Amino acid sequence: MTTADRTYNFSAGPATIPLKVLQQIQQELLNFKGCGASIMEISHRSATFIEVLDSARAGIKQLLEIDDSHEVLFLQGGSRLQFSMIPMNLLRSAEDRAAYIVSGTWSQKAYDEASGAGNIDLAWSGKMSNFNTLPASSDLSLSDDPAFLYYASNETIHGVQFKEPPEANNTALVCDASSDFLSRPIDMQRHGIVYACAQKNAGPAGVTIVVIRKDLLDRSKANLPGYLNFKTHVEQNSMFNTPPTFGIYVIDLICQWLINDMGGLKQIAEYNLTKANLIYEIIDQCSDMYRGHAEHEHRSKMNISFNLTSDELTAKFLREAGQQGLNSLKGHRSVGGIRASIYNAMSQEGVLALRDFMKSFYTQNS
């Protein structure tokens, strides 16, 4: 297959990986750096892989401007495991309480799961508006001293994104950044935990990146099962069990791509804004056909969700888009319509192709 054979993948995840990274993987796949074996075959405790692990960690620290106050872990289990691990580790006693902002499907799942692990308060919910908006800090209902405040920075299904973290005074912020991790700068000093599944912006499926402030490790209860204790993974250098070696290798390559080719997170954030605006402009100009889900001020730069005026027109849109190599645009069943996920590796050319198709489709069907 040549690069000309590749289509544009607007999937919510697993998502597009930078072509340069894919080509490097292809080049190194059979013989990684002259070791005579694939990165998928070598021991996770070999010096060769430890170098990859250290480089991936260093790349994340450099991009996020993390100092020694935080640890970077490479785990498995996805967001689903973090929904349980976080309250299990951060709620030290039966009296501790945590607060959750429910801004979409994924933070709702996190809230539901955490409710079985301790005292969980609902700080705010957008359910009544079908999750098309986000709260101001003054809208939050918080107890006097919550152990942490949980939020999802970007909701993939409903296409809403926090432009700034919620204000939490001295409360530790916990952020599910799965769908906008490494897409923009984030103030790590305001966060106790930022975690992300890799398969949107950071790598392939199978790796969960957890960035945790070191002082929070002391909250982990000694009677937790080993794998469910963050402290275990810090002490074992993310190798309490065999880590997802290939996924970590790809994360390392993507970090280097972000640093060396894209110029860092400020630059990639500007690039992502430019891409998103191309699609939102068409939605606004053709609003009698394209109806955006999220309120303007809370629109996501990663996941653009919108509906057409009928199910028949939506089906036609998807069919004709696919014929032009614009794939995985079907919206989630809870929202319907169209969802265009334009993560870091989605090229501006791909977004322009979608924009031009939307223009043409509007002209032909309005």
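Just so we're aligned, residue 25 is where the sequence shown starts under my numbering, counting upward by one.
The beta-carbon is built from N, C-alpha and C at its ideal position, and this holds for glycine as well.
Small disclaimer: the values here were computed from a predicted structure and weren't measured.
Exposure label - residue i; buried when at least 16 CB within 10 Å
| i | result |
| --- | --- |
| residue 30 | exposed |
| residue 249 | exposed |
| residue 194 | exposed |
| residue 200 | buried |
| residue 25 | Any reading at residue 25 is ruled out, since the residue's pLDDT is 39, under 50, leaving its predicted position unreliable. |
| residue 363 | buried |
| residue 80 | buried |
| residue 238 | exposed |
| residue 309 | exposed |
| residue 253 | buried |
| residue 61 | exposed |
DSSP three-state assignment for residue i, whether helix, strand or coil
| i | result |
| --- | --- |
| residue 185 | strand |
| residue 126 | strand |
| residue 247 | coil |
| residue 215 | strand |
| residue 325 | coil |
| residue 35 | coil |
| residue 331 | strand |
| residue 198 | strand |
| residue 145 | strand |
| residue 355 | coil |
| residue 63 | coil |
| residue 158 | coil |
| residue 210 | coil |
| residue 271 | helix |
| residue 56 | helix |
| residue 84 | helix |
| residue 49 | helix |
| residue 30 | coil |
| residue 166 | coil |
| residue 220 | strand |
| residue 75 | helix |
| residue 137 | helix |
| residue 314 | coil |
| residue 132 | helix |
Beta-carbon spacing of residue i, residue j below 7 Å
| i | j | result |
| --- | --- | --- |
| residue 203 | residue 326 | yes |
| residue 126 | residue 149 | yes |
| residue 278 | residue 45 | yes |
| residue 318 | residue 55 | no |
| residue 208 | residue 289 | yes |
| residue 121 | residue 165 | no |
| residue 196 | residue 216 | yes |
| residue 110 | residue 198 | yes |
| residue 95 | residue 236 | yes |
| residue 71 | residue 114 | no |
| residue 293 | residue 40 | no |
| residue 205 | residue 178 | no |
| residue 87 | residue 282 | yes |
| residue 18 | residue 190 | Lying outside 25 to 390, the shown extent of the chain, residue 18 is not represented and no answer is given. |
| residue 307 | residue 330 | yes |
| residue 124 | residue 349 | no |
| residue 212 | residue 90 | yes |
| residue 74 | residue 128 | no |
| residue 337 | residue 34 | no |
| residue 322 | residue 173 | no |
Residue i - containing alpha helix (DSSP H), residue span
| i | result |
| --- | --- |
| residue 387 | 372-389 |
| residue 346 | 335-347 |
| residue 283 | Looking at the DSSP string, residue 283 is not in any alpha helix (DSSP H), and its letter there is neither H nor E. |
| residue 191 | Segment: none, residue 191 is in no alpha helix (DSSP H) and carries neither H nor E. |
| residue 300 | 289-309 |
| residue 105 | 102-114 |
| residue 257 | 254-259 |
Segment limits, beta strand (DSSP E) that includes residue i
| i | result |
| --- | --- |
| residue 172 | 172-176 |
| residue 234 | 232-237 |
| residue 23 | Lying before the first or after the last residue shown, residue 23 is absent from the chain, which here runs from 25 to 390. |
| residue 362 | 362-365 |
Test: residue i CB closer than 7 Å to a CB of chain C
| i | result |
| --- | --- |
| residue 85 | This model lacks chain C altogether, as it is built from one protein chain only. |
Subject >> the region 261-273 touching the region 337-346, judged by at least three CB pairs closer than 8 Å >> reply: Judged by Cβ distances under 8 Å, the region 261-273 makes no contact with the region 337-346, as fewer than three pairs qualify.
**OP:** Count the C-beta pairs between the region 222-239 and the region 309-323 that are closer than 8 Å, then say yes if the count reaches three, no if not.
**Re:** They do not touch, by the three-pair rule.
Original post:
Can we say the region 134-141 touches the region 99-109, given the rule of at least three CB pairs closer than 8 Å?
Top reply: Touching, yes, given that three or more Cβ pairs across the two stretches are closer than 8 Å.
**OP:** Tell me, please, whether the region 33-52 touches the region 236-244 by the rule of three or more beta-carbon pairs shorter than 8 Å.
**Re:** Judged by Cβ distances under 8 Å, the region 33-52 makes no contact with the region 236-244, as fewer than three pairs qualify.
Original post:
Using 8 Å as the threshold, is the region 86-104 in touch with the region 259-269, meaning 3 or more CB pairs across them?
Top reply: Taking 8 Å as the limit for Cβ pairs, the verdict is that the region 259-269 does touch the region 86-104.
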